[in-house]
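A.B. asks: Read in order, the letters of the sequence shown correspond to residues 2 to 83 in the numbering used here.
Beta carbons are placed, not taken as given, at the ideal position from N, Cα and C, and that holds for glycine.
Below: one structure in structure tokens.
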Amino acid sequence: KQINTFIHEDLATIADFCTSPAVPCTSSGSLLSCHNSSHDVSVTDCFAKAGTRPPYCHYQKKDSIRPICVGCKNGAPVHLDS
């Protein structure tokens, strides 16, 4: 996978985002209900370094604090949309 994102919040907090007003999903189509976070969250994005291939992948990480958008199904977060 070219990009892996890790959200540094507890699951209950992320699940609470599923109760915010729905917004259009940008990457998951219409299969999910997408919701913006109510506050900025700490995330780590890991980008695959050029020339590496599974199972020997190497990544460069970038930490940030930003809003996220989660895709929810039946009130539970199942996808990071942005």
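Taking the alpha carbon of H59 as the point to measure from, which residue in R67, S65, F48, P68 has its own alpha carbon closest?
C.D. replies: When each option's Cα is compared against that of H59, the closest is F48.
A.B. asks: Give the secondary structure of I69 by DSSP, where H, G and I count as helix, E and B as strand, and everything else as coil.
C.D. replies: Coil.
A.B. asks: Whole angstroms is fine: what's the gap from T27's alpha carbon to C70's?
C.D. replies: Cα to Cα, the separation comes out at about 9 Å.
A.B. asks: Go ahead and pull the three-state DSSP assignment for L33.
C.D. replies: DSSP places L33 in coil when its eight states are reduced to three.
A.B. asks: Can you say whether G52 is buried or exposed, counting buried as having 16 or more other CB atoms within 10 angstroms of its CB?
C.D. replies: Classification of G52: exposed, given that the 10 Å Cβ count is below 16.
A.B. asks: If you draw a straight line from the C-alpha of H40 to the C-alpha of Q3, how long is it?
C.D. replies: Straight-line Cα distance between these residues: approximately 26 Å.
A.B. asks: Can you give the Cα-Cα distance for I8 and V44, rounded to whole angstroms?
C.D. replies: Their backbone Cα atoms lie some 5 Å apart in a straight line.
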